[in-house]
Structure formats: structure tokens, C-alpha cells
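J.:
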Amino acid sequence: MTHSQRRDKLKAQIAASGLDAMLISDLINVRYLSGFSGSNGALLVFADERDAVLATDGRYRTQAASQAPDLEVAIERAVGRYLAGRAGEAGVGKLGFESHVVTVDGLDALAGALEGKNTELVRASGTVESLREVKDAGELALLRLACEAADAALTDLVARGGLRPGRTERQVSRELEALMLDHGADAVSFETIVAAGANSAIPHHRPTDAVLQVGDFVKIDFGALVAGYHSDMTRTFVLGKAADWQLEIYQLVAEAQQAGRQALLPGAELRGVDAAARQLIADAGYGEHFGHGLGHGVGLQIHEAPGIGVTSAGTLLAGSVVTVGPGVYLPGRGGVRIEDTLVVAGGTPKMPETAGQTPELLTRFPKELAIL
97 MTHSQRRDKL
107 KAQIAASGLD
117 AMLISDLINV
127 RYLSGFSGSN
137 GALLVFADER
147 DAVLATDGRY
157 RTQAASQAPD
167 LEVAIERAVG
177 RYLAGRAGEA
187 GVGKLGFESH
197 VVTVDGLDAL
207 AGALEGKNTE
217 LVRASGTVES
227 LREVKDAGEL
237 ALLRLACEAA
247 DAALTDLVAR
257 GGLRPGRTER
267 QVSRELEALM
277 LDHGADAVSF
287 ETIVAAGANS
297 AIPHHRPTDA
307 VLQVGDFVKI
317 DFGALVAGYH
327 SDMTRTFVLG
337 KAADWQLEIY
347 QLVAEAQQAG
357 RQALLPGAEL
367 RGVDAAARQL
377 IADAGYGEHF
387 GHGLGHGVGL
397 QIHEAPGIGV
407 TSAGTLLAGS
417 VVTVGPGVYL
427 PGRGGVRIED
437 TLVVAGGTPK
447 MPETAGQTPE
457 LLTRFPKELA
467 IL
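Numbering (the numbering used here), first residue to last: 97 to 468.
#1: Can you name the start and end residues of the beta strand (DSSP E) that Glu229 belongs to?
#2: In three-state terms, what does DSSP make of Lys105?
#3: To the nearest whole angstrom, what separates the beta carbons of Leu115 and Ala220, a pair I think is in contact under 8 angstroms?
#4: By DSSP's criteria, Thr264 is part of a beta bridge. Which residues make up the other side?
#5: Taking the beta strand (DSSP E) that Leu203 belongs to, which residues open and close that run?
#6: For Ile467, which of Phe313, Arg256, Ala294, Gly383 has the nearest alpha-carbon?
#7: Would you grab the beta carbon distance between Gln309 and Pro261 for me? Rounded to a whole angstrom, and I think it's under 8 angstroms.
#8: In this structure, does DSSP put Asp340 in helix, strand or coil?
#9: Checking the sheet assignment: what are the DSSP bridge partners for Phe333?
#10: Quick check: the stretch 294-305 against the stretch 251-260, are there 3 or more CB pairs under 8 angstroms?
#11: According to DSSP, is Met447 helix, strand or coil?
#12: Provide the residue span of the beta strand (DSSP E) that contains Tyr425, from first to last.
#13: Between Leu321 and the rest of its own chain, which residues show a CB-CB distance below 7 angstroms, the 5 nearest in sequence each way excluded?
#14: Can the beta-carbon of Leu203 be found closer than 8 angstroms to that of Ala117?
#15: Would DSSP call Leu458 helix, strand or coil?
#16: Can you list, in chain order, the residues of its chain with a C-beta nearer than 8 angstroms to that of Glu351? Leave out the 5 residues immediately preceding and following it.
#17: On the premise that Val439 lies in contact with Leu483, defined as a C-beta separation below 8 angstroms, what is that separation, rounded to the nearest angstrom?
#18: Count the other CB atoms within 10 Å of the CB of Glu400; is the residue buried (16 or more) or exposed (fewer)?
#19: Alpha carbon to alpha carbon, what distance is there between Ser195 and Leu470?
#20: When you compare only the Cα positions, how much space is there between Gly189 and Ser121?
#21: Do Gly176 and Thr215 have their C-beta atoms within less than 8 angstroms of each other?
#22: Taking just the CA atoms, how far does Glu265 sit from Gln101?
#23: Report, in whole angstroms, the separation of the C-beta atoms of Leu348 and Tyr382, which I expect to be a contact under 8 angstroms.
#24: Under the three-state reduction of DSSP, which class applies to Glu244: helix, strand or coil?
#25: Going by Cα to Cα distance, which pick from Thr407, Ile345, Leu396, Ala371 is closest to Glu229?
#26: What are the boundary residues of the alpha helix (DSSP H) that Thr506 is part of?
#27: Under the DSSP definition of a beta bridge, which residues are partnered with Ser100?
#28: If you check the beta carbons only, do Leu360 and Val420 fall under 8 angstroms apart?
#29: If distances are taken between C-alpha atoms only, which option among Ser269, His388, Arg146, Glu172 comes closest to Arg155?
#30: Please look up how many angstroms separate the CB atoms of Val141 and Lys107, rounded, as I've assumed it's under 8 angstroms.
#31: Does Met97 pass the burial test, meaning 16 or more other C-beta atoms within 10 Å, or should it be called exposed?
#32: At what residues does the alpha helix (DSSP H) containing Arg146 begin and finish?
#33: What do you reckon, are the CB atoms on Phe461 and Asp317 nearer than 8 angstroms?
#34: What number of angstroms, rounded off, separates the C-alpha of Lys315 from the C-alpha of Leu119?
#35: Just to confirm before moving on: does the CB-CB distance between Asp328 and Glu435 stay below 8 angstroms?
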């Protein structure tokens, strides 16, 4: 799908919401709709046939012309204020804006630009995000590349003995990140989590100089970034002989993860998907040790809609890309998380509806417990 086609979808959404135009200030949404990836920019999209306008500052004149050749590019420093003024001058009655990124001062600036104009500012956050939830073929291709880079990097790390007693969490993290770049990633999706021993019970532990030891769980949560699109995967290993308690909670998390994956059906309630995995963990007596949501959307952001958790509202859409990553964390002892990135069936040529409703697995590194 082209950026112009995405903007056409947004036009229809804007009109259906009773708005005349929308000011896009979230840089991720600007990129999604225009292709422009600079650090300062905003986009004005009209509900009617008028062309959108991209505003950025002089640093990005050449980049904007290259990445968004089909758009008018205005060079301004105060991009939001400028585009709000353009909307007012164009006779826009109701102008949607993204209240989740516009500050109080920014809102004052927008209002100032519209002073004397008959234009009403209307909160419209979530409008573009709802379009981003279902991935098109081009997005899915990039997400597959990101997942393949991550898979290959972890495969190499294990094959070369990178996970062994005596190394530090930080050393493992740095090597894995370098391997992702070697396998085609532009960057890492987020700071790689390598958590050994008792640290593995901390869901979002940051790597330290803690030394990996025999008997440790080693939990690795990481992702690769390709052309703006992220991957997300978690695997947990044991160094040396696994204790009975480690085998028990690993098997439990593996079963919960499988249940969550099987619940990824188009139209399924998000909280129901979470419950499919969470109930297994609760029934085994570890419910209090699974304290985060089961998963989240992945795309231009590492965490985006839909969220899959206890309080999540809404249903899964065919073609959305989500993670399933339950965990059990025992403070002072260790923890396990197993997380994959998947495509909900029905939204990709690789998953025709005639083939059933099995989600497409994008992260393919084995999930059987590896004792290294």
C-alpha cells in the first residue's frame, strides 16, 4: 500500500468522524502516512480531495523532498502552529489533533494560530493508530526481515558458545546486538535484555556486569529494526543442569504460550486471549508471578495497538501483528518468559482463509528448553 493510499484511508476516517481535517503530530504517524522519518515534522490531511501538506524545518528539506515526493513540503520551524494556521486559512471547521503528543504549550500555540478563525480543535488521538493495526503486504515483508535478523543472530550466538558461564550479561547483550546488525538489522528495536540467575525474575532487567553461572536461567528479550519495523522475541535458557523447579516453570510457561498462540483468532476478544494463557499459570499456583500483559502489537513501534492484557478492550483483527509472551518470575530465584511475534490469520497471502485460522509465526528460534 502506498503512502497516498494510506492517506486516502485516513481521509475517509476523518470524514466519518465529522472532522474537516486532521493535524498529525506524532512522528510515527507522520512516517506511516508520508514516508518522512525526520525528527521534526507534522502533516495536515484534509477530509476532501485537497492534497496533504507536510511541514518540517530546514534541516530536512532534502530528506523530505526525497522521502515524500508526492507532497507539498513547507519549511517552517513551528510545524504544528504553521499547519494549524493553514487549516484555518483553508476554511476548516473542525480540525482534529493528536492530544497524546501535543503538550499544553503546543495546544496554546495551535489555538493562537487559529485566533480569529472559525476553526474548532477536536481531540482525535487513536485515529491513525487504528489504521496502523492491520499491516499491509509491504509492512509484513519488513517485519519478516526484522524477525529473520533476530532469529539468525540468536542462532549464531548459541552456536558460537556465546551463552556460557563466566561471561557477563553486558557482554552477551553487546554480542547479540552486533550479530543482529551483521544479519541485516539497521539497529536494535530496544535495549537488549539479558538477565541471568536471580535477575531473570526481573521482567525488564537491564544488563549489568553480573556473571553467568552454572545453574542460571538466562532470559534474553531482544529485537531487530529493519526500515523502521521492529521484531520482538524472548527466549530463556539454562546453563548446565536444570533444577526441578526450573523445569516445572519452564514447561508451564511453554504451555501457557502455546495456549495464547492458539487463541489468536480473528475476532477474538483481546482480554480472552490473555485469559487463555493466564488461567493456566493461575491454575498451577503461579498467578501472582505473572504480572504483565500477555502481548502487544508490533510495527513501526515496539509496543503499539492492540494491547493484549487483563483489561484490554476490543477484538483481534486479521492481519494484525502481535506478540504472545507469558512469564513466571520468582523473586530471588529466577524467571522464564517465552515470547514470539505472530501475524493474526487472514491478512496475508501466506495465510489464506482457506488454510484455517492458524497465526503465522514470524520468530522461529526453537522454544524447547535449551540447556547449554
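A virtual CB, placed ideally from N, CA and C, is assigned to each residue, including glycine.
All values derive from a computational prediction rather than experimental measurement.
T.: In this structure, then:
#1: As a working note, residue 229 is residue 133 in the sequence shown. Counting along the chain, Glu229 falls outside any beta strand (DSSP E), and DSSP gives it neither H nor E.
#2: Locating residue 105 in the sequence shown gives position 9, counting from the first residue. Lys105: helix per DSSP, three-state reduction.
#3: Mapped onto the sequence shown, residue 115 falls at position 19. Mapped onto the sequence shown, residue 220 falls at position 124. Their Cβ separation, rounded to whole angstroms, is 7 angstroms, which keeps Leu115 and Ala220 in contact under 8 angstroms.
#4: In the sequence shown, counting from the first residue as 1, residue 264 sits at position 168. Answer is Val307, bridged to Thr264.
#5: The count along the sequence shown starts at 1 and reaches residue 203 at position 107. Element bounds for Leu203: not the beta strand (DSSP E) but the alpha helix (DSSP H), 200-209.
#6: As a first step, residue 467 is located in the sequence shown; it is residue number 371 there, counting from the start. Measuring from the Cα of Ile467, the nearest candidate turns out to be Phe313.
#7: Locating residue 309 in the sequence shown gives position 213, counting from the first residue. Locating residue 261 in the sequence shown gives position 165, counting from the first residue. With 8 angstroms as the limit, Gln309 and Pro261 qualify as a contact, their Cβ atoms being about 6 angstroms apart.
#8: The sequence position of residue 340 within the sequence shown is 244, counting from 1. DSSP places Asp340 in helix when its eight states are reduced to three.
#9: Taking the sequence shown and counting its residues from 1, one reaches residue 333 at position 237. Answer is Val314, Ala466.
#10: no
#11: As a working note, residue 447 is residue 351 in the sequence shown. Confidence at Met447 is low in this model, with a pLDDT of 47, below 50, so the placement of that residue is unreliable and no value is reported for it.
#12: Counting from one through the sequence shown, the residue named residue 425 turns up at place 329. From DSSP, the beta strand (DSSP E) with Tyr425 extends over 423-426.
#13: If you number the sequence shown from 1, residue 321 lands on position 225. Around Leu321: Ala242, Ala281, Asp282, Ala283, Val284, Ser285.
#14: Locating residue 203 in the sequence shown gives position 107, where the first residue counts as 1. Locating residue 117 in the sequence shown gives position 21, where the first residue counts as 1. No, the pair does not count as a contact, with Cβ atoms beyond the cut-off.
#15: By one-based count along the sequence shown, residue 458 stands at place 362. Correct three-state label for Leu458: coil.
#16: Residue numbering aside, residue 351 sits at position 255 when the sequence shown is read from its first letter. The residues are Leu376.
#17: This structure cannot speak to residue 483, because the chain is shown only from 97 to 468.
#18: As a first step, residue 400 must be located in the sequence shown, where it is residue number 304. So Glu400 counts as buried.
#19: Shown here, the chain extends from 97 to 468; a query on residue 470 therefore has no answer.
#20: Here the question's residue 189 lines up with position 93 in the sequence shown. Here the question's residue 121 lines up with position 25 in the sequence shown. If I take the Cα positions, the gap works out to 19 angstroms.
#21: As a working mapping, residue 176 is identified with position 80 in the sequence shown. As a working mapping, residue 215 is identified with position 119 in the sequence shown. Their beta carbons are not under 8 angstroms apart, which means Gly176 does not touch Thr215 by this criterion.
#22: Your numbering for residue 101 matches position 5 in the sequence shown. Your numbering for residue 265 matches position 169 in the sequence shown. Distance between the alpha carbons of Gln101 and Glu265 is about 45 angstroms.
#23: One-based indexing of the sequence shown puts residue 348 at position 252. One-based indexing of the sequence shown puts residue 382 at position 286. Yes, they are in contact, since the Cβ atoms of Leu348 and Tyr382 sit about 7 angstroms apart, within 8 angstroms.
#24: The residue you call residue 244 lines up with position 148 of the sequence shown. Looking at Glu244 - three-state DSSP - the assignment turns out to be helix.
#25: As a working note, residue 229 is residue 133 in the sequence shown. Per the Cα distances, Leu396.
#26: Because the chain here runs from 97 to 468, residue 506 falls outside it and cannot be looked at.
#27: Here residue 100 is taken as the residue at index 4 of the sequence shown, counted from 1. None, per the DSSP bridge assignment.
#28: For the purposes of this step, residue 360 is taken as the residue at position 264 of the sequence shown. For the purposes of this step, residue 420 is taken as the residue at position 324 of the sequence shown. For Leu360 and Val420, yes; Cβs fall inside 8 angstroms.
#29: Looking up residue 155 in the sequence shown gives position 59. Of Ser269, His388, Arg146, Glu172, the residue nearest in Cα terms is Glu172.
#30: Numbered from 1 along the sequence shown, position 45 holds the residue referred to as residue 141. Numbered from 1 along the sequence shown, position 11 holds the residue referred to as residue 107. Right, their Cβ atoms sit about 7 angstroms apart.
#31: Counting from one through the sequence shown, the residue named residue 97 turns up at place 1. Exposed.
#32: What you label residue 146 is simply residue 50 of the sequence shown in a count that begins at 1. Segment: none, Arg146 is in no alpha helix (DSSP H) and carries neither H nor E.
#33: Locating residue 461 in the sequence shown gives position 365, where the first residue counts as 1. Locating residue 317 in the sequence shown gives position 221, where the first residue counts as 1. No, the pair does not count as a contact, with Cβ atoms beyond the cut-off.
#34: For the purposes of this step, residue 315 is taken as the residue at position 219 of the sequence shown. For the purposes of this step, residue 119 is taken as the residue at position 23 of the sequence shown. Taking the straight line joining both Cα atoms gives about 42 angstroms.
#35: Taking the sequence shown and counting its residues from 1, one reaches residue 328 at position 232. Taking the sequence shown and counting its residues from 1, one reaches residue 435 at position 339. Contact: yes.
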